[in-house]
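Q: Residue numbers (our numbering): 169 to 294. Input: one structure, supplied below.
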């Protein structure tokens, strides 16, 4: 016959066994989770180590392209300045050599511009 004390003792032992099993399961899960997190952190660290050189390379290329763009803009500016200087000198020589023709050409250009402006204003009114 099972007494009440024996039943309580058996119940306690069963509860202790379940508690111990639960503790082991929790410890096992905690250990597995920590291991998985460590592996994930290691993989992230490795990936970031692999990505950094690629980002550095892209950054250097972007800087090179930006510098090439600046250089090209400076060259274009220098060419434009040189062309403008040449045209200015040629125009000055032409005006000095043929002053009357220069005045007539300037008057014709002025008249043409005035006609275009007047025409544009009339078109905008309607």
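Quick reminder that beta carbons are idealized off the backbone N, C-alpha and C, glycines included.
Under 8 Å by Cβ, that's how I've got residue 270 and residue 263 pegged, so tell me the actual separation to the nearest angstrom.
A: Going by Cβ atoms, the distance from residue 270 to residue 263 rounds to 4 Å, so yes, they are a contact pair.
Q: Assign residue 266 to one of three DSSP states: helix, strand, or coil.
A: coil
Q: At what residue ranges does the segment 200 to 257 contain a whole run of the beta strand (DSSP E), taking only runs of 3 or more?
A: none
Q: From residue 240 to residue 227, what distance separates their C-alpha atoms?
A: 20 Å
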